[in-house]
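Student: Residue numbers (the working numbering): 4 to 319.
Let me give you the structure first, and then I'll get to my questions.
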Ligand code: ADE
């Protein structure tokens with residue numbers, strides 16, 4: 004069956020072990036923070052350019068969270084390398100008895116796609132807008148960097164294709180991500196995005212537990228109809244989440260279903276075939292791809308290979 008369900012049985016590959024003394028964590032440099040985990044910026048002592056992101060668990064959390072981090076680690080080892088998936092650098096497991104572990108992944112200097120979309124200027128038609136040229140700079144260098152920041156439609160499509168490629172790798176390896184969203188896509192460079200946070204892919208067995216504890220923990224805006232109803236995750240529920248991620252991309256980082264809050268009525272809302280409307284920066288062609296990801300019957304949704312194909316053949 005799916006790899007994440009067996010994560011606990013995947014042996015840990017000792018080749019990835021990094022000693023505590025071989026890396027540093029900069030406590031002030033928090034890259035991200037979730038309910039259970041924290042990601043710090045860190046570096047490998049040996050290599051001068053060895054900036055890494057270090058994922059660890061909060062000290063106060065229970066053992067299952069630590070086990071979840073270890074499962075995530077094993078899933079990443081099992082996945083191996085892919086251009087569009089954040090690369091595992093190593094792991095420090097020498098403090099397991101004390102309830103601590105550290106997973107080191109490559110550092111993506113430009114942060115999450117979600118924040119990038121929200122912060123950077125967008126330009127339709129790949130034409131440099133006037134205001135960029137008007138930016139008050141003494142050095143041409145600074146102006147150039149400002150121009151590099153501009154997001155074009157070509158960038159949006161390229162990111163969408165790359166995410167589909169990364170997800171193909173997961174699909175082929177029978178790994179479900181479970182939390183695909185623009186917040187879990189990182190920019191390595193402006194031209195290279197990588198999927199991260201297999202935090203839920205390994206958690207799915209326990210998923211039911213935290214739904215009961217608090218609905219707020221559910222990424223309900225990204226969940227497929229059948230997942231909301233039965234908590235069943237498949238590659239096709241990842242496809243649904245991919246469609247929502249496309250919507251985020253082509254709305255430049257809006258929150259899906261703006262203004263809505265979670266109630267059980269949301270399930271009825273989807274059941275009555277309500278869907279996200281066309282985002283501001285998408286055309287009909289792209290919107291059509293998204294909506295196919297939200298077919299009520301998972302079988303009718305495209306897979307990630309078909310999605311890449313559809314995006315590749317978009318009219319320019
Ligand atoms: N935030 C979470 N993970 C990260 C990473 N690998 N690089 C940069 N920022 C991050």
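From the three backbone atoms N, C-alpha and C, an ideal C-beta is built for every residue, glycine too.
Considering Cα atoms alone, identify which of 192, 244, 200 and 61 is closest to residue 108.
Tutor: 200
Student: Could you tell me which residues DSSP pairs with residue 155 in its beta bridges?
Tutor: 126
Student: Report yes if the CB atom of residue 179 is closer than 8 angstroms to the CB atom of residue 241, and no otherwise.
Tutor: In contact: residue 179 and residue 241 (Cβ atoms closer than 8 angstroms).
Student: Grouping DSSP H, G and I as helix and E and B as strand, with all else coil, what is residue 100?
Tutor: Looking at residue 100 - three-state DSSP - the assignment turns out to be helix.
Student: Taking 8 angstroms as the limit between beta carbons, can you name the residues of its chain near residue 311, skipping five residues before and five after?
Tutor: 164, 167, 168 and 171
Student: Closer than 7 angstroms to a non-hydrogen atom of the ligand ADE - does that hold for the CB of residue 316?
Tutor: no
Student: Skipping 5 residues on each side, what residues in its chain have a beta carbon closer than 7 angstroms to that of residue 73?
Tutor: 104
Student: By DSSP's criteria, residue 26 is part of a beta bridge. Which residues make up the other side?
Tutor: 47
Student: How about residue 161 and residue 117: do their beta carbons lie closer than 8 angstroms?
Tutor: no
Student: Helix, strand or coil for residue 65 per DSSP?
Tutor: coil
Student: If you run the structure through DSSP and keep just helix, strand and coil, what is residue 92?
Tutor: Judged by DSSP in its simplified three-state form, residue 92 adopts strand.
Student: Might you give, ordered along the chain, the residues of its own chain that have their beta carbon closer than 7 angstroms to the beta carbon of residue 253, omitting 5 neighbours on each side?
Tutor: Cβ within range, chain order: 159, 282, 284, 285 and 289.
Student: Do you know whose CA, among 62, 21, 89 and 77, lies nearest residue 100's CA?
Tutor: 62
Student: Who are the Cβ neighbours of residue 13 in its own chain at under 6 angstroms, not counting the five residues just before and after it?
Tutor: Annotation for residue 13: 77 and 81 place their beta carbon closer than 6 angstroms to its own, counting only its chain and skipping 5 residues before and after.
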